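Below is one structure, written out as structure tokens; comments come after it.
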Amino acid sequence: MHNSRTQAGLPSMSTLAIPRRSLRYPITFLLLVLLAMGHVQLGSTLSLSQQWAALVGPASDDFSILQFQDAALPRVVMALLVGAGLGLSGSILQQLTQNRLVSPMTIGSASGAWLGLVCATLLAPTFAAHHGEWAALLGAMGAVGLVLLIAGRAGIAGLPIVLAGMAMNLLLGALASGLVMLNDQYARNLFLWGAGDLAQMDWHWVTWLLPKLAIGLAVLAFASRPLTLLRLGSEGAQARGMSLWPVMLGLFVASLWLTSISITAVGLIGFIGLLTPNLARLLGARSAFDELLYSTLLGALLLLGTDALAVLASRWTINLVPSGAAAALIGAPALLWLSRRQLSGEDQRGLVLPGHADRRITRWGWALIISCVVCITWLTLCLAPGASGWKLEWPSALIWSFRWPRTLTAASAGIGLAIAGVILQRLLRNPLASPDILGLSAGATLALLIGAFLTGGAIQSASAPLAAFMGSMLVLVILLLFGRRHQYAPGMLALVGISLMALLDAALQFALAKGTADSFAIMGWLAGSTYRVSAQQAVWLCLGVLILGSISLFFHRGLTLASIGDGIALGRGLPLTRLRIVLLLLVSLLCALVTSVMGPVAFLGLLAPHIAAILGARKVLPQLLLAATLGSVLMLTADWIGRVIIYPLQMPVGVVASILCGTYFIILLVRQRCA
Amino acid sequence: MRLIFTLLLTAWALLINAAHADTLPKRIVSLTWESTEDLLELGITPLAVADADDYKTWVVRPTLPDSVRSAGSRVEPNLELLAELKPDLILINPSLEGLRSKLERIASVQSFDNFRQDYNNYETARRNYLQLAEQFDRKAQAEQRLAAMDKRILELRQQLDLHFRGHPPKVTVIRFASPAVAYVYGDNSMPQYAMELLQLPPAYPLPATAWGITQKPISELGQINEGVVLHIEPFAQGEKLFSTRLWQVMPFVQNRHFAAVRSTWTYGGVFSVQYLAEALTEALLTIEP
Chain A
1 MHNSRTQAGL PSMSTLAIPR RSLRYPITFL LLVLLAMGHV QLGSTLSLSQ
51 QWAALVGPAS DDFSILQFQD AALPRVVMAL LVGAGLGLSG SILQQLTQNR
101 LVSPMTIGSA SGAWLGLVCA TLLAPTFAAH HGEWAALLGA MGAVGLVLLI
151 AGRAGIAGLP IVLAGMAMNL LLGALASGLV MLNDQYARNL FLWGAGDLAQ
201 MDWHWVTWLL PKLAIGLAVL AFASRPLTLL RLGSEGAQAR GMSLWPVMLG
251 LFVASLWLTS ISITAVGLIG FIGLLTPNLA RLLGARSAFD ELLYSTLLGA
301 LLLLGTDALA VLASRWTINL VPSGAAAALI GAPALLWLSR RQLSGEDQRG
351 LVLPGHADRR ITRWGWALII SCVVCITWLT LCLAPGASGW KLEWPSALIW
401 SFRWPRTLTA ASAGIGLAIA GVILQRLLRN PLASPDILGL SAGATLALLI
451 GAFLTGGAIQ SASAPLAAFM GSMLVLVILL LFGRRHQYAP GMLALVGISL
501 MALLDAALQF ALAKGTADSF AIMGWLAGST YRVSAQQAVW LCLGVLILGS
551 ISLFFHRGLT LASIGDGIAL GRGLPLTRLR IVLLLLVSLL CALVTSVMGP
601 VAFLGLLAPH IAAILGARKV LPQLLLAATL GSVLMLTADW IGRVIIYPLQ
651 MPVGVVASIL CGTYFIILLV RQRCA
Chain B
1 MRLIFTLLLT AWALLINAAH ADTLPKRIVS LTWESTEDLL ELGITPLAVA
51 DADDYKTWVV RPTLPDSVRS AGSRVEPNLE LLAELKPDLI LINPSLEGLR
101 SKLERIASVQ SFDNFRQDYN NYETARRNYL QLAEQFDRKA QAEQRLAAMD
151 KRILELRQQL DLHFRGHPPK VTVIRFASPA VAYVYGDNSM PQYAMELLQL
201 PPAYPLPATA WGITQKPISE LGQINEGVVL HIEPFAQGEK LFSTRLWQVM
251 PFVQNRHFAA VRSTWTYGGV FSVQYLAEAL TEALLTIEP
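The listed protein sequences derive, respectively, from chains A and B. Take the first sequence: its letters are residues 1 to 675, numbered as in UniProt numbering. Take the second sequence: its letters are residues 1 to 289, numbered as in UniProt numbering.
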């Protein structure tokens, strides 16, 4: 991704691009005008000439005229402004980091802003109603600050920042669902807004947004020189007498500001910030200024088009389709299509995690670990609040019959995800590979949702495991197809994960925005719950995980060789391609099994292998065993916390596990960076 | 002789009744708000109900005694707590049907249909109430209660008739989601049934959905040319919306055909229709005919 970028800013290139550029702007502008007119046509009952009369004529009290003036027009203007803001914000970020995968959505600023707003709305509703943008900015800055810290200076230009952003997104998403679940009815109205809807009733938000976007103009006016210099590399820029850090910081904050105010005004709208700068380059934007300006224009065009589709879809389905959901539905495949050629297999860097401990586990160490595990298991089974306070006793037969399927499911899921994580991390030589980051869980979940939607049945029906398996297999096939061409570059793999997760988010928000009680059932399931698991399912899950896990143990030699390097593996006569396919198949089976029974759980598959490595399990076999043990204990603990924390209500184990593991994971990464 | 025979017969009948009363469920857990309402309307205090605290905030009427404890959420009731409480009857709806086999280990389970797209939610609610009453041997009381409700609604209707001089307006009931979007209550929603009983035709007919609500941008409400729009409180951002130009030229705002309905639960059991009818009437009476 670097080779193509370093030449891009040279003056000779931009002179070459001038003839095309002179056509590119007028055409885009013309399209924008046409689309805006079309959009207004969709939103208003007036004919074109009446619209013109309403624009230039005297004020009127006629409803359809005012509807045109105060609902249809501001919606179009809003789409233009927000689109332009997001496009510019994305372009600044991408140029600053020299990284095409960076955007408000991918580095966590959007979800940070969103969480900031949700917190403010729940804690201080009046403050949020008037100054929500500051809460959003604070959230965005916090999230991005952490992501930058994790990625480190060297990681900004590459994959580490995207992976860190992804982890941040998962964590913040889990936190937001946890918050919403704690605040049931009150939080309902948040959903619609979270889905990013552009409907307007007056010019309030336009007049609110417009002055705040002025900072974008300042960026357009002054940022092109530092950004051009930045392309020469930071040393080159400093040699020309520019102190880089203040300028970069200023631009970063400006970009976050643009994202934050857009989100405050209309809610979450993903992908525009990511796609726009990429499209701009694809269409020939070369110089720094050209990229900024054209991204601004293109962002407006893209959001306007998406919103027009959302309006059309709303007419067709009687229920409202939020613009943000439409953006994700279009954006996810577009991202995959755009990026299919732009990624090379060279960028294999991931994030460095602590894990190369010099110690090994002794026999005593194993004994200690096992006794801890037994203790924790016993506690989670016996310690629980009851109708008359806390109790520490072996549960009665009836209570036990409710408790054991849940505990067994949680523990089995932990084992399965941990094993899947070890295999993926070893196989792809990427410490951040895990079922959730690669989108396998999201694929399974999406398949289940679509299945439930098409058949109108419950999500966890008899055919659920099959649908989940098809979903994660489909993702796997995509991964294999793309992956082979790119030598399984982690960037490519992460992209599939990002796209799928955004799609899932869109589907979820669309469902939630309907605001009925069904929404909460879906949300509860998507949070990863063991509540409805039957004894039979629990036993099957446990058996399945144990069988698949034992099979994976047979491959430990192959995994060891593959994790050293392709050359060595091939040199030892290992059928690498076949090994990869078999192991990936195993992983997707594990994911499908777990997801179909209890819904998605994030971070566990990522974290358990690392903790195992930190504890000293350096070889594949001990790592597999230890990670599986740790995974099950983590899940048991999460299940216990979920059962007791808001008793008699219950928090889904998936959310608890995601928040626990995610927080630990982020702390781990930050500490590694600070050390 | 005849007297003794009568006495014996009476005693026998009393005995049977007493024995029957013993078999009536006493410790009842309700896992849906509709059946919670129905139980309370029958004068039965349940042992525990799902989401007790939210019930007090959102459903409000009929009042839930403080002694009733929460049984967990309506989506995921706390099974272990239920097992400890040892109820003898658990009331559920079809969305909890998947839990039946587990719940039956605790106590006998009875399911009542609730909100669905393909049938009349109000009729179902009425039937459910009677069925429940029968189970507790309180059918007479229930029928009395229903008759009282019908009478009350008739009264309300007459009040409206009087107020609007025999020409009741078309009505649409909405709940605001944000200053730009509203949920419109359409066919098969409880407000719609309340309107039907009050003989108020809908001003913005919408197809039936399972819960009876449909999301619409507020600007679309401008299509309601004649008729009254009632919004169910609370709506915190009212000022933001009501001060806009577009809102002020909405036909129903211009004609002063807009009023607020005090906070009322709209997805309830059969008597929620009565409470809705009362609240709607109260709001309509503030509107000039």
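Where is the CB? At the ideal position from N, CA and C, for every residue including glycine. Bear in mind the structure is a predicted one, so any value in this text is a computation, not a measurement.
- Query: Which residues in the same chain have their Cβ closer than 7 Å to the Cβ of glycine 72 of chain B, if we skip the five residues on either side of it in sequence?
  - Reply: Here residue 72 of chain B refers to the residue found at position 72 when the second sequence is read from its first residue. Hits under 7 Å: Ala50, Asn78 and Leu81.
- Query: Helix, strand or coil for glycine 142 of chain A per DSSP?
  - Reply: By one-based count along the first sequence, residue 142 of chain A stands at place 142. DSSP places glycine 142 of chain A in helix when its eight states are reduced to three.
- Following the continuous beta strand (DSSP E) through alanine 182 of chain B, name the residue where it begins and the one where it ends. Within the second sequence, residue 182 of chain B is the residue found at index 182, counting from 1. Where alanine 182 of chain B is concerned, the enclosing beta strand (DSSP E) stretches over 181 to 185.
- Query: So what does alanine 48 of chain B bridge to, in DSSP terms?
  - Reply: Along the second sequence, read from residue 1 onward, the residue named residue 48 of chain B stands at position 48. Alanine 48 of chain B is bridged to B/Val29 and B/Arg69.
- Message: So the candidates are B/Tyr185, B/Arg165 and B/Pro168; which of them puts its Cα closest to the Cα of isoleucine 174 of chain B?
- Response: As a first step, residue 174 of chain B must be located in the second sequence, where it is residue number 174. The candidate whose alpha carbon is nearest that of isoleucine 174 of chain B is B/Tyr185.
- Task: Using DSSP bridges, identify the partner residues of alanine 259 of chain B.
- Result: Here residue 259 of chain B refers to the residue found at position 259 of the second sequence. DSSP output for alanine 259 of chain B lists B/Leu230 as bridge partner(s).
- Message: Quick check on the DSSP output: what are the complete beta strand (DSSP E) runs of length 3 or more inside the segment 99 to 147 of chain B, in order along the chain?
- Response: 108 to 111
- Compute the beta-carbon to beta-carbon distance between phenylalanine 271 of chain A and alanine 328 of chain A, rounded to the nearest angstrom, for a pair I have assumed lies under 8 Å. Here the question's residue 271 of chain A lines up with position 271 in the first sequence. Here the question's residue 328 of chain A lines up with position 328 in the first sequence. Indeed they touch by this definition, with Cβ atoms about 6 Å apart.
- Task: Let me know the secondary structure DSSP gives isoleucine 287 of chain B once reduced to three states.
- Result: One-based indexing of the second sequence puts residue 287 of chain B at position 287. Coil at isoleucine 287 of chain B, not helix or strand.
- Item | Under the three-state DSSP convention, the category lysine 170 of chain B falls into | Residue numbering aside, residue 170 of chain B sits at position 170 when the second sequence is read from its first letter. Lysine 170 of chain B: coil per DSSP, three-state reduction.
- Item | Spatially closest choice to residue 367 of chain B from B/Leu96, B/Gln248 and B/Thr32, by CA coordinates | A question about residue 367 of chain B goes unanswered here, because the residues of chain B that appear run from 1 up to 289.
- Item | Within chain B, the residues that alanine 387 of chain A reaches when beta carbons sit closer than 7 Å | As a working note, residue 387 of chain A is residue 387 in the first sequence. The contacting residues are Leu81, Glu84 and Leu85.
- Roughly how many angstroms separate the alpha carbons of histidine 131 of chain A and isoleucine 92 of chain A, rounded to a whole number? As a first step, residue 131 of chain A is located in the first sequence; it is residue number 131 there, counting from the start. As a first step, residue 92 of chain A is located in the first sequence; it is residue number 92 there, counting from the start. Taking the straight line from one Cα to the other gives about 25 Å.
- Query: Quick one, are the C-beta atoms of glycine 305 of chain A and glycine 90 of chain A less than 7 Å apart?
  - Reply: The residue given as residue 305 of chain A occupies position 305 in the first sequence. The residue given as residue 90 of chain A occupies position 90 in the first sequence. Taking 7 Å as the Cβ cut-off, glycine 305 of chain A and glycine 90 of chain A do not qualify as a contacting pair.
- Message: Tell me which residue opens and which closes the alpha helix (DSSP H) that alanine 94 of chain B is part of.
- Response: For the purposes of this step, residue 94 of chain B is taken as the residue at position 94 of the second sequence. The amino acid occupying residue 94 of chain B in the given sequence is proline; alanine does not appear at that position. Where proline 94 of chain B is concerned, there is no enclosing alpha helix (DSSP H), given that its DSSP letter is neither H nor E.
- Message: Would proline 74 of chain A pass as an interface residue toward chain B - the criterion being a Cβ-Cβ separation below 7 Å?
- Response: Start at 1 with the first residue of the first sequence, and residue 74 of chain A comes out as number 74. No - not a single Cβ of chain B is within 7 Å of the one on proline 74 of chain A.
- Task: Give the residues from the segment 47 to 59 of chain A that approach chain B closer than 8 Å (Cβ to any Cβ), ordered along the chain.
- Result: none
- Message: With H, G and I counted as helix, E and B as strand and the rest as coil, what does DSSP make of isoleucine 213 of chain B?
- Response: Looking up residue 213 of chain B in the second sequence gives position 213. The answer is strand: DSSP assigns isoleucine 213 of chain B an E or B state.
- Item | For valine 587 of chain A and isoleucine 369 of chain A, the rounded distance between their alpha carbons | The residue given as residue 369 of chain A occupies position 369 in the first sequence. The residue given as residue 587 of chain A occupies position 587 in the first sequence. One C-alpha to the other measures close to 26 Å.
- Query: Can a CB atom of chain A be found closer than 7 Å to the CB of threonine 45 of chain B?
  - Reply: Position 45 of the second sequence, counted from the first residue, corresponds to residue 45 of chain B. Chain A contact via Cβ: absent.
- Message: Here's the rule I'm using: 16 or more other beta-carbon atoms within 10 Å means buried, otherwise exposed. How should proline 234 of chain B be labelled?
- Response: For this step, residue 234 of chain B is matched to residue 234 along the second sequence. Flag for proline 234 of chain B reads exposed.
- Residues from the segment 242 to 256 of chain B in contact with chain A, defined by Cβ distance under 9 Å: Ser243, Thr244, Arg245, Leu246, Trp247, Gln248, Val249, Met250, Pro251 and Gln254
- Are valine 112 of chain A and glycine 142 of chain A touching if we call contact CB-CB under 7 Å? As a working note, residue 112 of chain A is residue 112 in the first sequence. As a working note, residue 142 of chain A is residue 142 in the first sequence. According to the sequence displayed, residue 112 of chain A carries glycine and not valine. In this structure, glycine 142 of chain A lies closer than 7 Å to glycine 112 of chain A by Cβ.
- Task: Determine the closest residue to glutamine 196 of chain B out of B/Asn120, B/Ala236, B/Ala140 and B/Gly268, with distance taken between C-alpha atoms.
- Result: Walking along the second sequence from the start, residue 196 of chain B turns up at place 196. It should be noted that the sequence gives glutamate, not glutamine, for residue 196 of chain B. The candidate whose alpha carbon is nearest that of glutamate 196 of chain B is B/Asn120.
- Task: Would you identify the three-state DSSP class for arginine 643 of chain A, choosing helix, strand or coil?
- Result: Stepping through the first sequence from its first residue, residue 643 of chain A is reached at position 643. Looking at arginine 643 of chain A - three-state DSSP - the assignment turns out to be helix.
- Are the segment 37 to 48 of chain B and the segment 93 to 102 of chain B in contact at 8 Å, needing three or more beta carbon pairs? no
- Message: Counting only Cβ pairs nearer than 8 Å, list the residues of chain B close to arginine 403 of chain A.
- Response: Looking up residue 403 of chain A in the first sequence gives position 403. Near arginine 403 of chain A (Cβ distances below 8 Å), the residues of chain B are Glu80.
- Query: So who's on the other strand from tryptophan 390 of chain A, going by DSSP bridges?
  - Reply: As a first step, residue 390 of chain A is located in the first sequence; it is residue number 390 there, counting from the start. DSSP lists A/Pro385 as partners of tryptophan 390 of chain A.
- Beta-bridge pairing of phenylalanine 402 of chain A - partner residues as DSSP gives them: As a first step, residue 402 of chain A is located in the first sequence; it is residue number 402 there, counting from the start. Per DSSP, none; premise fails for phenylalanine 402 of chain A.
- For proline 77 of chain B, which beta-bridge partners are listed by DSSP? One-based indexing of the second sequence puts residue 77 of chain B at position 77. The partner list for proline 77 of chain B (beta bridge, DSSP) reads B/Gly72.
- Query: Does valine 181 of chain B get closer than 7 Å to chain A when you measure Cβ to Cβ?
  - Reply: Start at 1 with the first residue of the second sequence, and residue 181 of chain B comes out as number 181. Taking Cβ atoms only, chain A reaches closer than 7 Å to valine 181 of chain B, which makes this a yes.
- Where does the unbroken alpha helix (DSSP H) through leucine 604 of chain A begin, and where does it stop? As a working note, residue 604 of chain A is residue 604 in the first sequence. It spans 604 to 614 - the alpha helix (DSSP H) in which leucine 604 of chain A sits, taken as one unbroken run.
- Message: Between which two residues does the alpha helix (DSSP H) holding tyrosine 204 of chain B run?
- Response: Here residue 204 of chain B refers to the residue found at position 204 of the second sequence. It is not in any alpha helix (DSSP H) - tyrosine 204 of chain B carries neither H nor E in the DSSP assignment.
- Give, in chain order, every residue of the segment 96 to 120 of chain A whose Cβ lies closer than 7 Å to some Cβ of chain B. none
- Query: Nearest CA to the CA of leucine 282 of chain A: which residue from A/Gly573, A/Asp62, A/Glu133 and A/Arg100?
  - Reply: One-based indexing of the first sequence puts residue 282 of chain A at position 282. Among A/Gly573, A/Asp62, A/Glu133 and A/Arg100, the Cα nearest to that of leucine 282 of chain A is on A/Arg100.
- Jot down the residue ranges of each uninterrupted alpha helix (DSSP H) in the segment 238 to 311 of chain A, minimum 4 residues, whole runs only, in chain order. 244 to 266 and 272 to 282
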